[in-house]
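Chemist:
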Amino acid sequence: MAIKSTIFKANLQIADMDRFYYADHPLTLARHPSETDERMMVRLLAFALYANEALIFAQSITGEDEPDLWQKDLTGAIERWINVGLPDERILRKACGRAAHVVVLTYGRTADVWWNQNRSKLQRLNNLTVLNLPVETSLALAKLANRNMQLQYTRQEGDLMMTSDAGMIELTVDAWQGKPV
-13 MAIKSTIFKA NLQIADMDRF YYADHPLTLA RHPSETDERM MVRLLAFALY ANEALIFAQS
47 ITGEDEPDLW QKDLTGAIER WINVGLPDER ILRKACGRAA HVVVLTYGRT ADVWWNQNRS
107 KLQRLNNLTV LNLPVETSLA LAKLANRNMQ LQYTRQEGDL MMTSDAGMIE LTVDAWQGKP
167 V
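Sequential numbering from -13 applies to the sequence shown in my numbering.
1) What's the gap between the Cα of R84 and the Cα of I64?
2) Alpha carbons only, please: which of A(-4), P120, N38 is nearest the one belonging to P12?
3) Pop quiz: Q57 and N38 are said to be a contact at Cβ under 8 Å. What is the actual Cβ separation, rounded to whole angstroms?
4) So, at 7 Å on beta carbons, what are the nonlocal neighbours of L108 in its own chain, with the 5 sequence-adjacent residues on each side left out?
5) Which one of Y7, L91, D151, K80 has the shortest CA to CA distance from V28?
6) By Cβ distance, which residues of its chain are closer than 8 Å to I155, with the 5 residues on each side in sequence left out?
7) Which same chain residues, not among the five before or five after N118, have their C-beta less than 6 Å away from its C-beta?
8) For the beta strand (DSSP E) that N(-3) lies in, which residues bound it at each end?
9) According to the neighbour-count rule (16 or more other Cβ atoms, all chains shown, within 10 Å of its Cβ), is Y36 buried or exposed?
10) Could you give the DSSP three-state label for Y139: helix, strand or coil?
Here is the structure:
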């Protein structure tokens, strides 16, 4: 019998003063048994970084045909494709052909190794942004994970912050390629 996903509820309040975006997003996240709190919270951060009314979590966390999050226009064309982790370069090439803008949000101790191995191929992709979370940031985010989360995300003059009942984190996101957040 397959192990079922664990459901997490997050009420995410966003005050993004740099983009003039202010909204509350009641989110339901299904954490697959193989997914860590760290990865789930990085997915949630990716949502906050690019939040708008059309951005949604994809159905699968392991599929090559779907990202972790995506935003489609009214015709079904993919405007933004967001992957979390260290995806295969081939998947990113394919995504760049399907979407107007592709974002990879890397994290973890081996992210720099992945970047050094894939940099030359990925730098040819003009519509690709590669962002990295330092290990300290992703581990701090994981500590905020809770089955029922009340989170506030704030961006002002390039400074990023996530706050919950468990504490406040100043977020660092490094742009390795493309537009910084």
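Quick reminder that beta carbons are idealized off the backbone N, C-alpha and C, glycines included.
Modeler: Checking against the coordinates, here is how it stands:
1) Distance between the alpha carbons of R84 and I64 is about 7 Å.
2) Put simply, of A(-4), P120, N38 the residue whose alpha carbon is nearest the alpha carbon of P12 is A(-4).
3) Between the beta-carbon of Q57 and that of N38 there is about 7 Å, and that keeps the pair under the 8 Å contact cut.
4) So the qualifying residues of the chain are E75, L78, L114, V116, Q163.
5) When only C-alpha atoms are compared, the closest one is L91.
6) Excluding five sequence positions before and after I155, the CB atoms of its chain that fall closer than 8 Å to its own CB belong to T123, A126, L127, L130, M147, M148, T149, given in chain order.
7) Excluding its 5 nearest sequence neighbours in each direction, N118 has C-beta neighbours in its own chain below 6 Å: T92, A97, D160, W162, listed in chain order.
8) DSSP places N(-3) in the uninterrupted beta strand (DSSP E) bounded by -8 to 2.
9) Using a 10 angstroms sphere on the CB of Y36, the tally of other CB atoms reaches 16 or more, which defines it as buried.
10) Correct three-state label for Y139: strand.
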